Each structure stands twice: as structure tokens, then as C-alpha cells.
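Residue numbers (my numbering), protein chains in the order written: chain A, 87 to 396; chain B, 449 to 577.
Reading through the C-alpha cells given below for one structure.
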Amino acid sequence: MGVFVFLPLVLPLTAWPIARLAEQHLHPRTATRLLTGVAAVMALCSTVCLGLVMVVGTAQLPGNPLPDGWSDPEVRAAVPFDEVVGKAAIPALCAVVAACARTLWRHGRVRRRAHRALAGLPPTGVAVLPDDVPYAYALPGGRRDRVVVTTALLDRLEPAERRALFAHERAHLTARHHRFLLAVQLAARANPFLCPLRTAVSYTTERWADEEAARAVGSRRAVACAIGKAALLSRGTPLATLAGFAAPGPVPRRVAALLGPAPTARRWPSLFTSVGLAAWCAAAGTAVSAMSSANSAVTMVLILRAATPL
Amino acid sequence: MTDHRQRSGRRGQGELEALVLSALREADGPATAGWVQERLGGDLAYTTVITILTRLLAKGAVTRERAGRSFAWTPDSDQAGLAAHRMRKVLDGESDREAVLASFVTGLGPDDERLLRELLGDSGSEGEA
Numbered sequence: 087m088g089v090f091v092f093l094p095l096v097l098p099l100t101a102w103p104i105a106r107l108a109e110q111h112l113h114p115r116t117a118t119r120l121l122t123g124v125a126a127v128m129a130l131c132s133t134v135c136l137g138l139v140m141v142v143g144t145a146q147l148p149g150n151p152l153p154d155g156w157s158d159p160e161v162r163a164a165v166p167f168d169e170v171v172g173k174a175a176i177p178a179l180c181a182v183v184a185a186c187a188r189t190l191w192r193h194g195r196v197r198r199r200a201h202r203a204l205a206g207l208p209p210t211g212v213a214v215l216p217d218d219v220p221y222a223y224a225l226p227g228g229r230r231d232r233v234v235v236t237t238a239l240l241d242r243l244e245p246a247e248r249r250a251l252f253a254h255e256r257a258h259l260t261a262r263h264h265r266f267l268l269a270v271q272l273a274a275r276a277n278p279f280l281c282p283l284r285t286a287v288s289y290t291t292e293r294w295a296d297e298e299a300a301r302a303v304g305s306r307r308a309v310a311c312a313i314g315k316a317a318l319l320s321r322g323t324p325l326a327t328l329a330g331f332a333a334p335g336p337v338p339r340r341v342a343a344l345l346g347p348a349p350t351a352r353r354w355p356s357l358f359t360s361v362g363l364a365a366w367c368a369a370a371g372t373a374v375s376a377m378s379s380a381n382s383a384v385t386m387v388l389i390l391r392a393a394t395p396l
Numbered sequence: 449m450t451d452h453r454q455r456s457g458r459r460g461q462g463e464l465e466a467l468v469l470s471a472l473r474e475a476d477g478p479a480t481a482g483w484v485q486e487r488l489g490g491d492l493a494y495t496t497v498i499t500i501l502t503r504l505l506a507k508g509a510v511t512r513e514r515a516g517r518s519f520a521w522t523p524d525s526d527q528a529g530l531a532a533h534r535m536r537k538v539l540d541g542e543s544d545r546e547a548v549l550a551s552f553v554t555g556l557g558p559d560d561e562r563l564l565r566e567l568l569g570d571s572g573s574e575g576e577a
């Protein structure tokens, strides 16, 4: 197998240009689903690959619980630089598991605490909080889905913009956007090369909700104004980016997209456009990643079974 | 109220605070901790009521004044105000809350504000698309 065994670890690099092109050209709904799927498959493959490398590279270490046969010379021949890579894979795999567990735990904790903070309020779908800090967000919670918004934000919006705000947050809840976000977050923890996909999906879910809101309110401009006003109101909290970084942030891009025409939802773009090329590259990269790690896994299992004394 | 009284066992801190605050709001004027405890049907220990009132005081949800040997308590904010206070604490405590809660807008970068004003200003003259 040679170095191809490491392919799933670096293939996520193919996701970088894809994330960029998909978020610019695909319908936000398609882009969200595509990018989340790509991220999940690639993260899974890279973790499987890491596990295999660890098993092969470390089975010969004294005192480990794995059968000695698993690190016979012929098994180790399947993985290049088996000793170094195998030992390096142990902390890497531990780091992945710990980071994913921490992400899940934090996710649950924030949601639990936010719901607890709203205890005592009537169980309505919208919780309006009297606060002079303008913010709004969607709080998922099964049957207790809620939109949380402060009076500071609502008071500054026109009626149409308020409807746009609520439609946007409700779109987040009905389409279960938090699941997409959690999936790409876990993927980014499993393989840091997938971080651009996380950023891309958090942008495309917002765009998706913007488009749903524009459809519900019937005015793209009202949604654009609501976003613009809300962003200008809460500009006290600057985004943590590199100073002088010229690329416009997500908010102006969302507003610009809303001021333009509505995106068309094609099922699958043609190969002969840059978008189509990107989408097909993503699909191909994912397929190759999945196949190569499946190949590695099957080969490895066969070798290990042959080498295990029964 | 009745279903609160019947339910036994541990309750969340937020729920207890909401319970005590709503009882206090039913009083005609400043009320003592004993009155609140009675109003809640003796379900909570006197010290628990005092603890919760003190916590509400720290959150600015109630005020108190000395009345003889104890305190008389007055509600200062309603349930929504209390919830807003608690929510702010949750949000301030989480550095990466953006990752969990899909916020309506994220922060603006260095050039974003100018860009945003341009975008909204430009399209203002064109009217509805």
C-alpha cells in the first residue's frame, strides 16, 4: 500500500478551494449539505486511517494489550515508517477523541444553560428579553425550540425587518442548522485541515436562513436591512481576525448577496462551469478518500487476521 | 402555582428564582422572607428562601430594606428581566458560543462597517428589487 495509507489524512486539503467556490456559487442549501457531507466523510476516513496506523505501529511495544502477531514484519511492511508514525498516532488519536468529546460537552452545556436561563418565562416560541445589548439567536431544544431576542435589537428594527429577523431564526430551527454546525465542528476537530469547511458551513447556514427569510417576508431588501442594522448596532464586539485582512467579513457578503438576485437551486451543476468543477472535485476527493481508507482498512483487517494466532 | 407545590424533589436554580420572584410580585408591598415562604406553601425551607432572595438581590432583581429585625423585600424586575440577566451571564461565560448558537449577526471586521454602509446606502435609492 505504501504511502497511500496516509492519503485520507491529507486529502481534506482538497476541500479548501471547494469550500470557497461552493459558498460563492452554489445555492446555500446545496452548499451546506454538500460541504457537511464532505467534511463528515473525510473526517471519518482520516480517523479510521489514524487508528490503523496506530494499531500497526504500536502492537510491538512491550506491555500493550494488542496481539503480538499484529506487528509481524509483514504487517509492518504495509505501513511505511511504521515505528515513528505508529507512536505519533497515539497522541494524535487521543487528541482527536478528547477534542471531539470536549466539543460535544460544550455544545450540550451551552444549550442546557441557555434553556435554564429562560426558566420561568411563559413557554412561547419567542423569548423577548429586556436587555440593552442587541442580540438574537436560535436556541434549539427539540420541542422547546426558541428564538431569543433582546428589546435593544427589536426596538431599532422596522416591522418588516422584525419579521425578517424572526423568519431567519425560525429557518435555523426548522432546518436543524445546529446539526450541520455540530457535524462540521467535530470534523474540524478530527482533522484540522477541515477547518475551512467549518467556516464555510457556518456562512452557508446563515445564507440559507437569509434566503428562507427573504422568501417568507417577500422582500430581500428587508432581510438585508435587518442584517445590516443588527450588525451596525452590535459592532462593539469586533471579529477576531488578522488586522488589515482585506477580505470582507460574512455580514457584508450576506447583505450583498441579498441585494442581488435570488440564487437558483439546481440539482447538480454541469461539469463545464467553475462551480460544477468544484462540486465534482469535492465529490471525487471524497470518493477517493473514502475508497482509499476503506481499502486500507480491509487490507489491514485481512493482514491482521492472517497474522493473529488462533 | 399548585403544580409547583405538588412537585417535589430537586428543582433548577432558575426555576426556584422564578418561583420566589413571582411570589414576591403577588405581594401588595414589601414582603418578608417568611411571607414568601408561606405564600409558596411551606414547600421551601426558610433558609432556602433567604438564599434565593439574596441571589436575586445580587442580580438586581429585588431590593430590600430593613424592617425591624429582618428585611422587607420588593421586586425590582420581572421574570423577563431576570431571564435576561441570566442569559447575559451564560453568553458572557462562553467564549465560543458562536459555535453553538447560530447568532443573527457576527462581529464586523475592520473594513466591514464602511462596506456595509455603502451597500445599504447604494441600494436605498433603487427601491425594492
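Every residue gets a Cβ at the ideal spot worked out from N, C-alpha and C, and that includes glycine.
Computed from a predicted structure; not experimentally measured.
Just to confirm the assignment, what range does the alpha helix (DSSP H) spanning SER470 (chain B) have? For SER470 (chain B), the enclosing alpha helix (DSSP H) starts and ends at 461-473.
How many angstroms separate the CA atom of ILE389 (chain A) from the CA atom of PRO98 (chain A)? Cα-Cα distance, rounded: 27 Å.
Apart from the five residues on each side of it in sequence, which residues of its chain come closer than 6 Å, Cβ to Cβ, to PHE92 (chain A)? When the five nearest sequence neighbours on each side are left out, no beta carbon in the same chain lies closer than 6 Å to the beta carbon of PHE92 (chain A).
Taking the beta carbon of ARG514 (chain B) as the centre, do at least 16 other beta carbons fall within 10 Å, making it buried, or is it exposed? So ARG514 (chain B) ends up on the exposed side.
Quick one: complete beta strand (DSSP E) runs, 3+ long, within the region 462-540 of chain B? Every beta strand (DSSP E) of 3 residues or more that sits fully in the region 462-540 of chain B is shown, in chain order, as 510-515 and 518-523.
Could you name the residues that DSSP lists as bridge partners for THR236 (chain A)? Per DSSP, A:LEU215.
For the region 509-543 of chain B, which residues have a CB atom closer than 9 Å to at least one CB atom of chain A, in sequence order? Those would be SER525, ASP526, GLN527, ALA528, GLY529, LEU530, ALA531, ALA532, HIS533, ARG534, MET535, ARG536, LYS537, VAL538, LEU539, GLY541 and GLU542, in chain order.
VAL384 (chain A) burial status per 10 Å Cβ neighbour count (16 or more: buried): Of the other Cβ atoms in all chains shown, fewer than 16 fall within 10 Å of the Cβ of VAL384 (chain A); this residue is therefore exposed.
Residues of the region 233-258 of chain A in Cβ contact with chain B at a cutoff of 9 Å, in chain order, please. Hits within the stretch, in order: VAL234, VAL235, THR236, THR237, LEU239, LEU251, HIS254, GLU255 and HIS258.
Length of the line joining the Cα atoms of SER378 (chain A) and ARG391 (chain A): Within the model, the alpha-carbon separation for SER378 (chain A) versus ARG391 (chain A) is close to 20 Å.
Expressed to the nearest angstrom, what Euclidean distance is found between the alpha-carbon atoms of LEU112 (chain A) and VAL170 (chain A)? Across the structure, LEU112 (chain A) and VAL170 (chain A) are spaced so that their CA atoms are roughly 42 Å apart.
Would you list, in sequence order, the uninterrupted alpha helix (DSSP H) runs of no fewer than 4 residues that lie entirely inside the region 251-333 of chain A? If we require 4 residues or more, the alpha helix (DSSP H) runs fully inside the region 251-333 of chain A come out as 263-276, 281-303 and 306-319.
ALA317 (chain A): contacting residues in chain B (beta-carbon distance under 7 Å): Chain B residues near ALA317 (chain A): VAL553, LEU556 and LEU564.
I want to verify the contact list: residues of chain B whose CB lies under 7 Å from the CB of ASP296 (chain A), in sequence order. Per Cβ cutoff of 7 Å: no residues; ASP296 (chain A) is ~10 Å from chain B at best.
Short CB-CB distance (under 9 Å) between ALA332 (chain A) and chain B: Note that ALA332 (chain A) scores a pLDDT of 41, beneath 50, so its modelled location is shaky; the value from the coordinates is reported in the next line. ALA332 (chain A) counts as touching chain B.
Per DSSP, TYR221 (chain A) forms a beta bridge with which residues? None; TYR221 (chain A) has no bridge partner.
Count the other C-beta atoms from every protein chain shown that fall within 10 angstroms of the C-beta of THR118 (chain A), then say buried if there are 16 or more, exposed otherwise. Note on THR118 (chain A): 16 or more other CB atoms within 10 angstroms of its CB, so buried under the neighbour-count rule.
Taking only beta-carbon positions, decide if VAL303 (chain A) is within less than 9 Å of chain B. Residue-level contact by beta carbon fails for VAL303 (chain A) and chain B, as no gap is shorter than 9 Å.
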